[in-house]
Amino acid sequence: MRIIVTRPRAQAQSWLQELKARGLDAEALPLIEIGPPADPLPVLAAWAGLDRLALVMFVSANAVQCFFDLRPAGAPWPAGLQAASTGPGTTAALRRAGLHDAQIAEPSAEAGQYDSEALWARIADRPWAGLQVLVVRGEEGRDWLSAQWRERGAEVHFVAAYSRLVPHFDEREQALLARALAEPDQHLWVFSSSEAVQNLAAALPAADWSACHALGSHPRIVQAARELGFGAVDEVVPTAAAVASAVVARAGGPPRPV
0 MRIIVTRPRA
10 QAQSWLQELK
20 ARGLDAEALP
30 LIEIGPPADP
40 LPVLAAWAGL
50 DRLALVMFVS
60 ANAVQCFFDL
70 RPAGAPWPAG
80 LQAASTGPGT
90 TAALRRAGLH
100 DAQIAEPSAE
110 AGQYDSEALW
120 ARIADRPWAG
130 LQVLVVRGEE
140 GRDWLSAQWR
150 ERGAEVHFVA
160 AYSRLVPHFD
170 EREQALLARA
180 LAEPDQHLWV
190 FSSSEAVQNL
200 AAALPAADWS
210 ACHALGSHPR
220 IVQAARELGF
230 GAVDEVVPTA
240 AAVASAVVAR
250 AGGPPRPV
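The C-terminal position of the sequence shown is numbered 257 in numbering that gives the first Met the number 0, with every residue numbered one higher than the one before it.
In structure tokens form, the structure reads like this:
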């Protein structure tokens, strides 16, 4: 079975490497393109004001990478400033950016899923009144977590560090799409974003997905894939290792080494 990794291009490559190292067949079909922010000046201003913040929340690994890519020369990350993450991919990106574990807040390993609710369960008991929080994201995003902070008296700011674009499929990607539809039992889709599912629906509005199988990394993503018409959708933790385990369980045995 070929695994179709739909993450943005930068994250898809590391997933392909790990899945192939486990003996699995995997190809990338990015369903979201990541571009620079429409205006980088707010990001530069955010870097200048980090010392006034109690926490910086990053919504994704792309948010981390794009925010740090725009870091002004010599600008420090304040030693006492924490960064918040909702999942292992974002946490790994923060570590690559130079932050150590004591500077990162993330959901508990026992949380069961990685999202804003799981992060809030970890940090809700802090005294937020009067503190300032920055959320680093794309042009827009889910506001549930910012509502929790505001209810506790915190002041929440937002900065768009990147833009999300509809993908344009090259010849290889178009061929992969055609194969996946023609041979649904030989392909397994892996979705890490509801927006990716929506982009797939927009790209192929007349496609019949009823014989196709998918994995989604959150209940909202699973629901989006089911609403699109995927015949079987299961939830999986958003790591390449968890996807590999799900594929092995589905196949009934370990993959052969490559």
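The beta-carbon is built from N, C-alpha and C at its ideal position, and this holds for glycine as well.
- Distance between A92 and Q64, taken at the CA atoms: about 7 angstroms.
- Here V165 is exposed: its Cβ has fewer than 16 other Cβ atoms, across all protein chains shown, within 10 Å.
- Secondary structure of V58 (DSSP, three-state): coil.
- DSSP links E105 through a beta bridge to no other residue.
- With three or more CB-CB distances shorter than 8 angstroms, the region 150-165 counts as touching the region 126-140.
- In the displayed model, A210 falls within coil according to three-state DSSP, outside both helix and strand.
- In this structure, the beta-carbon distance from A245 to V235 falls below 8 angstroms.
- Sequence-distant Cβ neighbours of P71 in its own chain, meaning closer than 8 angstroms and more than five residues away, are L43, W46 and A47.
- Taking a contact to require three or more Cβ pairs closer than 8 angstroms, the region 98-109 and the region 20-35 do not qualify as touching.
- At least 8 angstroms separates the beta-carbon of I3 from that of W208.
- In the three-state DSSP reduction, E154 falls in the strand class (E or B).
- Taking the C-beta atoms as reference points, R163 is found nearer than 8 angstroms to G137.
- The criterion of a C-beta distance shorter than 8 angstroms is satisfied by G215 and V232.
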